[in-house]
Every structure is written in C-alpha cells, then in structure tokens.
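Here the sequence shown is numbered in the UniProt record's numbering, starting from 1 and rising by one per residue.
C-beta atoms are modelled at their ideal positions from N, C-alpha and C, and glycine is treated no differently.
All of these numbers come straight from a predicted model, not from anything done at the bench.
In what follows, a structure is listed as structure tokens, so that the remarks can point back to it.
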Amino acid sequence: MKMKNKKFTMIWKFLTIVFFNLSLLPIIQAEEVIPGVIEVTEVIPEVIEQKIVIHNVTFIDPKKPNESTIASLVITDKLFDSVTQDDVEVNLSDIIFDAQSGFILGTLKSGEIANFMILDEDPHKNIEALLDTKKHVLLAIRDGIIIRNNLKTESNISSTAPPKKKKTKRAGWIGYTPPQILLHSVYTSDSWNVYSNDYFSTLFVGAIALDRQKWFYQDAESELQVGDNSLFDGGEIRALRFGVGGALKFDSPWMYTIAGATNSFDKGFDTNTSDNVTFFDWRLDIPTAFNTTLSIGKQKEPISMERLMGMVFLPNQERSVVSDALLPSRNVGMVLSGRNEANTVTWAGGIFNDWLDDDGSIGENSTQFVARSTWLPYESEDESELIHLGFGYRYSNGKEAMRFASSPEFNLSPNYIDTGAIDAEKMSTYNYEASWRSGPYWISSEYINTNIDAPSLNTPSLSGYHVSAAWAITGEMRAYNKRSGTFSPLPVARSVEQSGLGAWELTSRWSVFDGNNGGISAGKTKIFSVGVFWWLTAKLNLSFNYRHIDLDRCSFISNNCDLQGTSSGMNTRILLLL
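Shown next as structure tokens:
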C-alpha cells in the first residue's frame, strides 16, 4: 500500500454529474447538517472523479499484529486508490463513511478492483469476527461496489477538505421535529433552490407522490359494510407538496418553516379528504434558556413517533389505522422541548387550540394539552443497536364535537372506521412506544388508547396498536434522532446513478383498531401489510404496499351488525423529492 493524495480529471464525468442534477447524495439526519438553513460557503465546481472515502480505518501490520494505524482509504471508480493520513479532497458526488475505527480485512493493490471488508472487531484477537462476518461486518465492498453497509454516511461537504478552503458552518435544526421535506440531500449555495444573505437563508423544497390503487378482493359482507371498493380503483396525485424553510440570522438563529400540500396528504381524524391546497405547517422555532426550544405556530403535536416522522420516510406508505383514527394531523399552538445532557431522554409539551383555522374564538374551540417523553435505555458502543421507549399523553376539554374516522391504510378507500359526531365533556389519549433497531433491522410498535367522557354513550374507550418490521436488505441503517426520539429516513449508500443498487427495504405491519366499545360501533379492523421500498436515489422512490383487511362492523345500508368482511388490495407509489 502507498500513502498519497491524488486527484484525477475526466471531463465527461463532470458533465454527467451536472446533467443528473438529482445529485444522489447520502441522506442527512435531523441532528446533523440541515440543508438550506445553514451558512454554506460557495463551492466551485471542479472536474474530479467520483470516489468512496472511508475515514478512521484501522490497519494491522501482519508482521506486528499488536501494532495498528488509523488512516483514510480512497477508492476511485471502483479501483483502490490510496491509503493516507492526510486530508482527502472530496467532490459533492463522492460517498464518505466513518469506519468508527473498524478493522480492514482484504488485499489492497493500487489500481486494482477493490475487494475488502471492515469488521467491528480485530480478527487477530477475536476469531468470532471471522466466523460470523454477517454479525461483525461494518462495510463490505466487492468488485468496487458496496454490497453491505452498516455505517453512517457523512456529509459530502467534508470537514477534511483542503486547508485553503473555508469550512462549511453547520447547525442542527433546533425544533423538536425538523421540517418533513427539508432533509433528503445536501445543498450548496449555488443550488437553484437556495438563497442566503446577511439576514436570513431560505431553501425551497417540494415533493410529488403518484399512486395507483387496485383492489384485489372484497367479499359480500365487506361490500355491505362499506360499499363497493372497486369504485376507488385508479390513480391519483397522492401528494403535491411545497414549502420553504430557513434561518433568521440573529446571534442565536431562529428557524422558520412554511409548507403546504393537498389536504389529503397527511391525514388525521380532524382532516377531510378533499384535494384543496392548504398550508399545513407555519412555524417558528426559537432557542430558549437551558438548551430548550419554543416552537410556535401550526405544527405536529408532540405525541407518537409514527405521527411525528415524515410520512414519505416511514416504512409503510400510510400511517396505521389507529394513528389516523385517534390522533390529529396538525394543530395550532406552542411546544417547549428539550433533552438531557446524555442525549438519552427527550421531552416536549404544548398547548393547542385551532381557533385560527376554525370558526369561533379560543373559548369556543377545544383546547388540548399534549406531552411526550422518550428514553434510550440501551445503546451499543458503536450505536448500531438500540432500544427506544416512549410515552405520550393528550387531553382535550371537549368544547367541540368529536369524530373518529379512518380508511384502512389505503388513501383510495371509503372509511372503514367511523364513529360519527360525538358530544363529550373531555377526552384523554395515552400513547406507548417501543422500538428496537440493530443495523438494517428495525422493529417498532405503538399502542394508543382514547377514553371519551360521554355518559350518554357509556363513556367508551377506543384503542388500537401496530407492530411494524423493516429490513434494509442492502445493508443501510436508519439513524436515531436524539433530539426528538424518532428514526431518520433510510440512507442510500450507493444510488443507481453511482452504479449501485440504491437502498431496498422490505417491510411488514400488523395493525389493529377496536372502535366497538360502550355505545359506539365504529368498527373493529385487523390489517396485515407487506411492502417493498426501493430508493433509487435519495430523491426518488418506488414502493409497493399490499394489505389484507378484516372488518367487524354493522352494515351501512341495513341494521345487520353480525358482519365480518374481508378485502385486500395493493397500492403502487412513485415519489420524487425536489
């Protein structure tokens, strides 16, 4: 191996990168660099070959196994280039990893196709690392292509750039949750959708999702319950989303978000399904004392990981039926949030009243108090495995009539769950969360219970839960956002434009909701889902979701309540992020 710092030039590569302006860059996590709301120094395009740069690799001398060296490894166009302890100059299209002091195993010859693995333990000292490489591998490259990856990607605007260049200033998003569509890739000051001056910065963003729904089966009982599902077959623009986000450049910057979409994009029990455009986010995040943040405006209430995560980054196309039935999409209010110094506990609490979006005064509309706390009881030393627990509470004083309704996790569908309007004195909702993630495997679950103080209906209690499982078969790992106690989008280790496979994720979910309680017969449903998600790039996704649905509900055209219907269908989605 030789130690060097070498740059090649190929004009056609540069032109290809410019032409494919959907730069296929690793996904940024919410705690790290937030695009468009940071100060970004101008990056002058250079004609540089694409590289894979791996920092903090441990090299063992075979003749002296007790001695080691930590350095960076560079692969250029699938060929092993160099090992160096010097700074490595990178281009915006390069892929950068932190090997976390992992141990390299393989033969490296300059100018030849790269084939090696990086293990989390020294194979000279622990033979188990060789006997069970699937468990211990951090990164595997065969024929110059990444075939397994359990490492986090770093920002492509590298902190190891040549000393003559000014480093990029970086800042995390200070709000309890970052904007839902400002996180998909790295932007620079010369991007068309970024503007910055001495007073504020702005990033313009957008997303479009195209759906094609097909109902496969519906028995006679199901048709008596909800009508003919085949009337809903067809395609739709599931989401047309747009927005801006940025910073007001005070000494401690304030962050702002303004975003809109079709009403049906992000549903809750308080959301209709019309196609009218609405502004669903307008929020200001203000840093306050003791490392806390005050968020004011229309925003998500701090309850439920599934509700807080951006829908386009969930391991299923739609949220679970219990989440849509019992939790609102957004509300107008203020949230104070923070976390402990060890980053193992988060907390957030807020007060809401939708009088700005609805008729009537504050006193005439319902007021809600919402709170959530999460705990990270276990995290492995390399952060590849963790356990997450969370608890949320929501109280409403019942000034307005309540209605709980939801489709069966298909947007093109009639409501399978529907309580009708309910007059209640108050309502309390409890949310419990538990998740386990180990490398590319992620299992998450939630239980939600809503107690409705309505004596005329025998004070009913509505509840449900879901258990979801996801496996990134290409080896990527979802990062954990310690600011908000949520998981970040699935990163793309090597996109199709970088001669990779993109990121593939297989998912499943078991979802249950019980709306038959007390004097309410809203329906009881059980839904089994399986899905395939293919992120071709960090901005382009193709997904398929199949669902089998069992429903216990009265007929909507007769008084027959002894009906147990069955139906199934599939939805195909193409998602493009600007």
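Using 9 Å as the threshold, is the C-beta distance between alanine 239 and valine 312 below it?
It is a contact, given that the beta carbons lie within the stated cut-off.
Need the endpoints of the alpha helix (DSSP H) that valine 322 sits in, please.
First-last of the alpha helix (DSSP H) with valine 322: 321-326.
Just to confirm the assignment, what range does the beta strand (DSSP E) spanning leucine 576 have?
Note, leucine 576: beta strand (DSSP E), 564-577.
For valine 370, name the three-state secondary structure that DSSP assigns.
In the structure shown, valine 370 sits in a strand (DSSP, three-state: E or B).
Using the beta-carbon count (16 or more within 10 Å), is asparagine 343 buried or exposed?
Flag for asparagine 343 reads exposed.
Pick out whichever of Arg319, Ser413, Gln225 has its Cα sitting closest to the Cα of arginine 553.
Measuring from the Cα of arginine 553, the nearest candidate turns out to be Gln225.
Alpha carbons only, please: which of Ile237, Asn316, Ile286 is nearest the one belonging to residue 583?
Lying outside 1 to 578, the shown extent of the chain, residue 583 is not represented and no answer is given.
Since proline 287 sits in a beta bridge, which residues does DSSP pair it with?
Answer is Thr293.
Taking the straight line between their C-alpha atoms, what separation do you get for arginine 330 and alanine 522?
Rounded to whole angstroms, arginine 330 to alanine 522 spans 23 Å at the Cα level.
Restricting to runs no shorter than 4 residues, where is the alpha helix (DSSP H) found entirely within the region 92-141?
DSSP runs (the alpha helix (DSSP H)) wholly in the region 92-141: 128-131, 133-136.
So who's on the other strand from serine 348, going by DSSP bridges?
In the sequence under discussion, the amino acid at residue 348 is alanine, which differs from the serine named in the question. Paired residue(s): Ser337, Arg372.
When you compare only the Cα positions, how much space is there between aspartate 77 and glutamate 497?
Using only the alpha carbons, I get a separation of about 13 Å.
How is serine 555 classed by DSSP in three states: helix, strand or coil?
Correct three-state label for serine 555: coil.
If you compare alpha carbons, which of Val332, Ala114, Tyr217, Gln317 is closest to asparagine 411?
Asparagine 411 has its Cα closest to that of Gln317, out of Val332, Ala114, Tyr217, Gln317.
Mind listing, in chain order, the continuous alpha helix (DSSP H) runs of no fewer than 4 residues lying wholly within the region 384-432?
Runs of the alpha helix (DSSP H) inside the region 384-432: none found.
The alpha helix (DSSP H) that contains serine 222, what's its start and end?
That run of the alpha helix (DSSP H) goes 220-226.
Look at the alpha carbon of proline 414 and the alpha carbon of alanine 220, and state the distance between them as a whole number of angstroms.
Those two C-alpha atoms are separated by around 16 Å.
Tell me which same chain residues have a C-beta within less than 8 Å of the C-beta of threonine 566, skipping the five on either side of it?
The residues are Tyr217, Gln218, Asp219, Glu221, Ser222, His548, Ile549, Asp550, Leu551.
Would you kindly work out how many angstroms separate the C-alpha atoms of isoleucine 258 and isoleucine 60, rounded to a whole number?
If I take the Cα positions, the gap works out to 52 Å.
Kindly confirm or deny that the region 377-393 and the region 192-203 touch, where touching means at least three C-beta pairs closer than 8 Å.
As far as the Cβ criterion goes, the region 377-393 does not touch the region 192-203, which means the pair count is below three.
Compute the distance between the beta-carbons of valine 57 and valine 83, then report whether it is under 9 Å.
A contact, by the Cβ cut-off of 9 Å.
Output the boundary residues of the beta strand (DSSP E) element that contains arginine 148.
Per DSSP, arginine 148 belongs to the beta strand (DSSP E) from 145-149.
Touch check for the region 462-472 and the region 434-444: three-plus C-beta pairs under 8 Å?
Touching, yes, given that three or more Cβ pairs across the two stretches are closer than 8 Å.
Alpha carbon to alpha carbon, how far is proline 408 from cysteine 561? Give it in angstroms, no decimals.
Near 19 Å, if we compare the C-alpha coordinates of proline 408 and cysteine 561.
Give the DSSP-derived three-state secondary structure of asparagine 56 in the structure shown.
Strand, per DSSP.
Would you report the Cα separation of glycine 333 and glycine 297, rounded to the nearest angstrom?
Cα to Cα, the separation comes out at about 6 Å.
At the level of alpha carbons, what is the spacing between threonine 572 and glycine 531?
One C-alpha to the other measures close to 10 Å.
Using three-state DSSP, classify cysteine 561 as helix, strand or coil.
Correct three-state label for cysteine 561: coil.
Across the region 425-435 and the region 447-456, are there enough close Cβ pairs to call them in contact, namely three or more that are closer than 8 Å?
Result yes; three or more Cβ-Cβ pairs closer than 8 Å.
Based on the DSSP output, what are the partners of leucine 462 in its beta bridges?
Looking at the DSSP assignment, leucine 462 forms a beta bridge with Thr450.
Could you name the residues of the same chain whose beta carbon sits closer than 7 Å to that of phenylalanine 116, not counting the 5 residues immediately before and after it, in chain order?
If we look at phenylalanine 116 and ignore the five residues flanking it on each side, its Cβ neighbours are Ile104, Leu105, Gly106, Leu108, Ile141.
If you follow the beta strand (DSSP E) that arginine 509 is part of, which residue opens it and which one closes it?
Where arginine 509 is concerned, the enclosing beta strand (DSSP E) stretches over 503-517.
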